[in-house]
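**Q**
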Amino acid sequence: MPRVSKKRRTSNEGVSARAGEKPSDALHMLSSKVPVDSLPSLLEKYLYPTLDELSPEVQQQIIERLDLAQEDIRVAELRGLIKYNVHEKSLNTKVKLFLKDVKCNSDDEYEEQGDIMMEIASEILKWLPNLWQIGIEKALDVQLVHKCLVLCTTVIEEVEQCDSPVDFRDFDDNITILNSSGRVIYKDKANAMQFIAWMWRELLVSVGSKKGSTKAILADIDRFNIKEEICDYLGYEDAFKQYISSVLYRKTCGKTPELTKQLEIIRERVFDKPKPSNTDYHTATEIFKSDSPKDLLQLFDTLPSRAKTLKALGIIIDGFAKSKSAEVRQKALSLITQGLVEDKNRVIDKVENIFPCWEDAYDWLSDLIEKGKFTVISPSRTDTVVRKALTRRDKFLDEFLQTADGKDGDDSDGHDSDEDEDSDDGHYVNYKAQREKTIDSADLEEGLLYWLEMLGEWKSRKEAEKVWDRVKEVRGEKSEENRLFAVDGPALHLAAACDWDNCRNYNRQDFANGLRAMYKVFTCKTIAELDQKKYIPRTETTGRGDEMISMTSVPGFDVD
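Okay, so the sequence shown: first residue is 1 according to full-length UniProt numbering, each after it adds one.
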């Protein structure tokens, strides 16, 4: 029987046999044999060079798969941050401590309530951004996110309904939400309830846009009675407004007309009656400004008066100012003129509302000015003369204020003191209270400074000068504001009497701020003087703890 020789197997043949295996099998085998911490270095040494030598198409596929893996890791991390049970236990514990403190302590001992309330607000505000990313952006675990929103809203409702002097809505914080691409989705200083209302709106629109059932969401919105809060956030998204235009909007609606009907259905289901929103008009002005300046002029002509807010008008004027049409630019100047005149008149009208005998005081002041008894102090006078003049001026100012306020003074101007003495004090107090009700708490200073800034930014100095001259001439030389500002003292004396420290009245403090701003602005005779005048920023606070709006220097003008 012949001998059969055995053929020795070479190493190449062994490799050839392994080549028939799938790479995934080889990786799986390798990972099972080496320590976990050693695997990355082995892959970097033996596998990475081969991956880089693959065709571009295959490399792209691998990169896409790895991106998906990273996204899965990110989603897993986000899901891990939901921790509903942990937050439920934590928030409920804090609520129990809060309610216990409210029950045990008096109204004067509520410091701990404020601390607990701040902890509750902080926990909710830190939790909600994670819920938005997983439930709204990723559209995952929507029911769980809905459950989390119910928990947050319930907690706030329990705290707000208890009898505590601390207000939950006083705890504001700066909140920013970024999507996975780093784009700003929400950025505002808000309290927890405002943020939660925005989250409810986001959840509703997100589920509705994906044709999911919104029945449970709508039921909770109705149960918590937060329709009005959610309405405030319709159309709110600054990041969206930076990229949208009217052309893009029309193209989008043309390609997906079902969106319009769907959003209308959602709106009707959420709100009993459609409510107009100034925010919608503000968004419209943004769109027309960037895309169609001609349409911006038509938009202004069709806007209702309630929609012409400072913010919307500022955008419109900015768009008009950049127009090549002289007619359109003149429209912007007319709006600035109108704004300055109206806000100036608002301040003067408030004088009549606050001081019941303003007309008598005004006549008395006019008489003194015309007789030369109340004049501007000349710097050239000697110190002795100035001191005597100041003493006499202080007496006049005190009597002027008493006359305007309807109080008894020295009666040197011929007021009927007997009638004042016979008046009923209680009736006078009630009369003043009724007058105070007609004074709104809007910031009178803000409007003046807003229009002044727009005038200061106008490119043409000559055109700005014409506007200022026109504003100064609106009421003439003997108008009430010119009489009030003709000499030093009366305007600022009225303002000082209305400061918080003197009257403890928010409306009067707002009036005082507006009157001071008007005094500083309208005592400037020329636009050059207005340009050079510097205003010292104010950092003192009112009795309600709000920082007053700072007055800054007027922006410079470009010389024609």
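Built from N, CA and C at the ideal position, the CB exists for glycine as well.
Just tell me which of GLU465, LEU448 and THR526 has its CA closest to the CA of PHE511.
**A** Shortest Cα-Cα distance from PHE511 to any of GLU465, LEU448 and THR526 involves LEU448.
**Q** Tell whether a beta-carbon distance below 7 Å holds between LEU484 and ALA491.
**A** yes
**Q** Name the DSSP bridge partner or partners of LYS189?
**A** ASN174
**Q** Can you check DSSP and say which residues form a bridge with VAL184?
**A** Looking at the DSSP output, VAL184 shares a beta bridge with LEU178.
**Q** Please work out which residues of its chain come closer than 6 Å, Cβ to Cβ, to ALA332, disregarding the five sequence neighbours upstream and downstream, and give them in chain order.
**A** Cβ neighbours of ALA332 beyond the five flanking positions: ILE317, PHE320 and ALA321.
**Q** Quick one: is THR176 buried, meaning 16 or more other Cβ sit within 10 Å of its Cβ, or exposed?
**A** exposed
**Q** Reducing DSSP to helix, strand and coil, say where TRP127 ends up.
**A** helix
**Q** Among PRO35, GLU399 and GLY114, which has the Cα closest to the Cα of LEU97?
**A** GLY114
**Q** Under the rule that 16 or more other beta-carbon atoms within 10 Å means buried, what is GLN330, buried or exposed?
**A** exposed
**Q** Just to check my reading of the structure: LEU530 and TRP468 have Cβ atoms closer than 8 Å, yes? What is that Cβ distance to the nearest angstrom?
**A** 7 Å
**Q** Relative to the C-alpha of GLN402, which candidate in SER24, LEU218, PHE355 and GLU445 has its C-alpha closest?
**A** PHE355
**Q** For GLN59, count the other beta carbons within 10 Å of its own beta carbon; 16 or more makes it buried, fewer makes it exposed. Which is it?
**A** exposed
**Q** Could you check what DSSP says for GLU21 in three-state terms: helix, strand or coil?
**A** DSSP places GLU21 in coil when its eight states are reduced to three.
**Q** Does the stretch 122-134 come close enough to the stretch 78-91 to have 3 or more Cβ pairs within less than 8 Å?
**A** In short, these stretches touch, since the Cβ pair count reaches three.
**Q** Does the beta-carbon of SER206 have 16 or more other beta-carbons within 10 angstroms, so that it is buried, or is it exposed?
**A** buried
**Q** Once DSSP output is grouped into helix, strand and coil, what is the label at VAL487?
**A** coil
**Q** Label LYS472 either buried or exposed according to how many other C-beta atoms from any shown protein chain fall within 10 Å of its C-beta, with 16 as the threshold for buried.
**A** buried
**Q** Could you tell me the alpha carbon to alpha carbon distance between ALA464 and LEU444, rounded to whole angstroms?
**A** 23 Å
**Q** In the DSSP assignment, find the unbroken alpha helix (DSSP H) run with TRP358 in it and report its ends.
**A** Counting along the chain, the alpha helix (DSSP H) containing TRP358 begins and ends at 358-370.
**Q** So, at 8 Å on beta carbons, what are the nonlocal neighbours of LEU178 in its own chain, with the 5 sequence-adjacent residues on each side left out?
**A** VAL184 and ILE185
**Q** Under a Cβ-count criterion, where at least 16 other Cβ atoms within 10 Å of its own Cβ denotes burial, should ARG393 be classed as buried or exposed?
**A** buried
**Q** In the structure shown, what three-state DSSP assignment does LYS275 receive?
**A** With a pLDDT of only 43 at LYS275, under the threshold of 50, the placement of this residue in the model should not be trusted, and no figure is reported.
**Q** Near ASP220, which residues of its chain fall below 7 Å by C-beta distance, leaving aside the five closest residues on each side in sequence?
**A** When the five nearest sequence neighbours on each side are left out, the beta carbons in the same chain lying within less than 7 Å of the beta carbon of ASP220 are those of VAL150, in order along the chain.
**Q** Could you spell out where the alpha helix (DSSP H) holding PHE98 opens and where it closes?
**A** 84-104
**Q** May I have the straight-line CA-CA distance separating TYR48 from GLN143, to the nearest angstrom?
**A** 42 Å
**Q** Taking the alpha-carbon positions, what's the SER441 to ALA121 distance?
**A** In this predicted model, SER441 has a pLDDT of only 38, less than 50, meaning its place in the structure is not dependable; the value taken from the coordinates is given anyway. SER441 and ALA121: Cα-Cα distance of roughly 28 Å.
**Q** Here's a check: name, in chain order, each residue in its chain whose Cβ is nearer than 8 Å to the Cβ of SER31, leaving out the five neighbours to either side.
**A** LEU39
**Q** Can you give the beta carbon distance from residue 569 to GLY489, rounded, assuming they're within the 8 Å contact cut?
**A** Residue numbering for the chain in the displayed model covers 1 to 560; residue 569 lies beyond these limits and cannot be assessed.
**Q** Looking only at C-alpha atoms, which of TRP198, THR214 and LEU203 sits nearest to GLU228?
**A** TRP198
**Q** Using the C-alpha atoms, what's the distance from GLU158 back to SER24?
**A** The C-alpha of SER24 lies about 56 Å from the C-alpha of GLU158.
**Q** Kindly give me the distance between the Cβ atoms of LEU91 and PHE195, rounded to whole angstroms, as I take these residues to be in contact under 8 Å.
**A** Going by Cβ atoms, the distance from LEU91 to PHE195 rounds to 15 Å, so no, they are not a contact pair.
**Q** Taking all protein chains shown into account, do 16 or more other C-beta atoms lie within 10 angstroms of the C-beta of LYS66, making it buried, or fewer, making it exposed?
**A** Per the sequence shown, the amino acid found at residue 66 is Leu instead of Lys. Flag for LEU66 reads exposed.
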